[in-house]
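At position 151 of the sequence shown the residue is numbered 479 (the numbering used here), and the sequence of numbers has no breaks.
C-beta: ideal position from N, C-alpha, C; glycine also.
One structure is given below, encoded as structure tokens.
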Amino acid sequence: MRYLILSDIHSNWHALQAVLQHANGLYDQIVCCGDVVGYGGHPNEVTEWCQNHATHIVRGNHDKACTGSEEIEWFNTAAHSAALWTMHTLTPPHTSYLQGLARGPQTVDGAQTEPFQILHGSPADEDEYLLTPADAGQAAHYLDAFVGFFGHTHIQGGFLCHRNGVRRIRRIGAPESEYVLELEPDLVYLLNPGSVGQPRDHDPRAAYLIYLPQDKLVSFQRVPYDVAAAQAGIREAGLPDILAERLEHGQ
Ligand code: ZN
329 MRYLILSDIH SNWHALQAVL QHANGLYDQI VCCGDVVGYG GHPNEVTEWC QNHATHIVRG
389 NHDKACTGSE EIEWFNTAAH SAALWTMHTL TPPHTSYLQG LARGPQTVDG AQTEPFQILH
449 GSPADEDEYL LTPADAGQAA HYLDAFVGFF GHTHIQGGFL CHRNGVRRIR RIGAPESEYV
509 LELEPDLVYL LNPGSVGQPR DHDPRAAYLI YLPQDKLVSF QRVPYDVAAA QAGIREAGLP
569 DILAERLEHG Q
């Protein structure tokens with residue numbers, strides 16, 4: 329089985345389309361680590377696509393916030409307006425699909441390969457950010473597999489944990505579209521595909537990864553997309569301009 333692993337699509341239909349075209353033929357199943365909606369201008373299109381295509385998915389904090397399952401007072405102004413707009417824009421069936429998403433971590437059982445887990449923030453707490461090797465070292469104890477895929481930070485890469493410490497896997501600033509990681513035995517990996525719809529690692533290209541458990545390979549990918557079209561959707565929706573602007577800077 330070959331997996332296309334996505335996270336933090338955030339209602340960005342144009343970025344999602346570019347990823348699917350780029351990854352065409354490279355995967356058998358689609359997995360999503362949450363934050364289907366929030367920030368972008370096409371929540372219904374993206375939710376419907378996830379409902380029809382993602383075989384394994386966990387909820388993100390924006391999926392909860394945009395469907396009334398969580399308080400949004402603590403969101404910053406732009407995220408708050410986007411959450412309210414999304415809540416009013418989502419159709420009832422899409423709202424109930426998002427409300428029904430499972431909390432991470434969830435285990436994905438491969439046919440003849442070792443199971444792996446998917447989660448939004450941290451295996452200990454779905455809303456917590458894994459930003460530093462220290463965060464990852466603590467969190468790895470809560471993982472129930474040798475590899476876990478997470479999102480939430482919108483930073484492609486992740487962490488490799490072994491007995492003597494935790495190392496950051498850096499993907500930041502690499503101009504190539506692909507970075508391949510070979511998984512070694514006896515290590516634990518917390519890997520982030522990066523954000524499809526709102527990258528924050530100073531690379532505006534949409535991010536995703538392909539996981540080949542049989543070959544123990546992870547391929548981190550970046551693909552340019554029609555940022556102007558995604559920005560137009562945000563502006564047409566009347567959302568704060570900062571949400572459109574940040575897309576071209578990848579932050
Ligand atoms: Zn997110």
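Listed as beta-bridge partners of Thr435 by DSSP are Gln445.
Here Glu576 is near Pro532, since their CB atoms are less than 8 Å apart. A residue is called buried when at least 16 other Cβ atoms come within 10 angstroms of its Cβ; Pro420 does not meet this threshold and is exposed.
Non-local C-beta neighbours of Gln379 in its own chain, meaning closer than 8 Å and more than five positions away in sequence, comprise His422 and Tyr425, ordered along the chain.
The stretch 556 to 565 makes no contact with the stretch 389 to 399, as fewer than three CB pairs between them are under 8 Å. If you draw a straight line from the Cα of Ala430 to the Cα of Gly476, it comes to about 16 Å. If you check the C-beta of Asp363 against the ligand ZN, you find a heavy atom less than 7 Å away. Within the stretch 372 to 440, the runs of alpha helix (DSSP H) that reach at least 4 residues and sit entirely inside it are, in chain order, 389 to 393, 405 to 417 and 420 to 427.
By the 16-neighbour rule on beta-carbons within 10 angstroms, Arg498 is exposed. A straight-line Cα-Cα distance of about 8 Å links Ser339 and Thr375. For Cys489, the pairing in a beta bridge is given by DSSP as Val494 and Val516.
The Cβ neighbour count for His469, taken over all protein chains shown within 10 Å, is under 16; the residue is labelled exposed.
For the pair of segments examined, the stretch 473 to 490 was found to touch the stretch 348 to 368: the number of CB pairs separated by less than 8 Å reaches three. Rounded to the nearest angstrom, the Cβ distance from Ile538 to Arg330 is 7 Å, consistent with a contact under 8 Å. By the Cβ-count criterion, Gln349 is exposed, with fewer than 16 other Cβ atoms from all chains shown falling within 10 Å of its own Cβ. By the beta-carbon neighbour count (other beta carbons within 10 angstroms, threshold 16), Gln526 is buried.
With a cutoff of 8 Å on beta-carbon distance, Asp529 and Gly578 are scored as near each other.
Take Arg495, set aside five residues on each side of it, and the residues of its chain with a beta-carbon closer than 6 Å to its own are Leu488, in chain order. Distances from the CB of Gly479 to the heavy atoms of the ligand ZN include at least one below 7 Å. Going by beta carbons, Asp455 and Asn389 fall inside the 8 Å limit.
For the pair His370 and Trp341, the Cα-to-Cα distance works out to about 6 Å.
DSSP links Ala464 through a beta bridge to no other residue.
Around the Cβ of Val508, a 10 Å sphere holds fewer than 16 other Cβ atoms; the residue is exposed.
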